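Novice: Attaching a single structure in structure tokens format; questions to follow.
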Amino acid sequence: MDITIFHNTRCGTSRTTLETIRATGVEPHVVDYLAQPPTRDALKDLIARAGLNVRDAVRSKEALFKELGLDDPATTDDALLDAMVAHPILINRPFVVTPKGVRLCRPSELVQEIL
């Protein structure tokens, strides 16, 4: 099975999700999204395929979110996407892509739905 995880090694949820995938015997393609952020179009596609809206996919608890004024309810999806591409720390994690679908695996158990 071809699996990709958009991973942050400092995130416990992301590490647990990666361990769950590896426990199936599959070695996923691991994308360090902080070093290699997805393009704006790829990010928009991941969010849509996961059945989320853009606001669901942004890390609103990240200090930078408030610093950039993104907590304003009038902030558009386009502005949020632009901010996430410019500052990948704002992308919620981990996104996992398998032939069965895409999930934002928060909590990590959600990965089971697509394995």
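The sequence shown finishes on residue 1342 if you use my numbering, and the numbering steps up by one all the way, no holes.
Every residue, glycine too, gets a C-beta built ideally from N, C-alpha and C.
Keep in mind it's a predicted model, so treat the numbers as computed, not measured.
1) Measuring only the C-alpha atoms, how far is G1252 from D1229?
2) Between R1333 and P1300, what straight-line distance do the alpha-carbon atoms span, to the nearest angstrom?
3) Could you please give me the residues that DSSP links to I1232 through a beta bridge?
4) Closest to K1327 by CA distance: which of D1268, I1318, F1292 and V1338 is it?
5) Nearest to L1261 by CA position, among T1231, P1321, K1288 and N1235, is which residue?
6) What does R1330 pair with, by DSSP beta-bridge criteria?
7) In angstroms, rounded to a whole number, what distance separates the CA positions of L1342 and L1297?
8) If I measure Cβ to Cβ from T1266 and keep anything under 8 Å in the same chain, skipping five residues before and after, which residues do I get?
9) Among residues of its own chain, excluding the 5 on either side of V1309, which ones have a beta-carbon nearer than 8 Å to its beta-carbon?
10) From the DSSP secondary-structure annotation, give me the bridge partner or partners of I1318.
11) Please list the terminal residues of the continuous alpha helix (DSSP H) segment that includes E1294.
Specialist: Concretely, from the data shown:
1) When rounded, the distance between both Cα atoms is 12 Å.
2) Near 23 Å, if we compare the C-alpha coordinates of P1300 and R1333.
3) Beta-bridge annotation (DSSP): I1232 is paired with V1257 and V1323.
4) V1338
5) N1235
6) R1330 has V1323 as its beta-bridge partners, per DSSP.
7) 34 Å
8) V1312
9) According to the sequence provided, residue 1309 is Asp. The question's Val does not apply to it. Cβ within range, chain order: R1267.
10) V1285
11) A1290 to E1294 is the extent of the alpha helix (DSSP H) around E1294.
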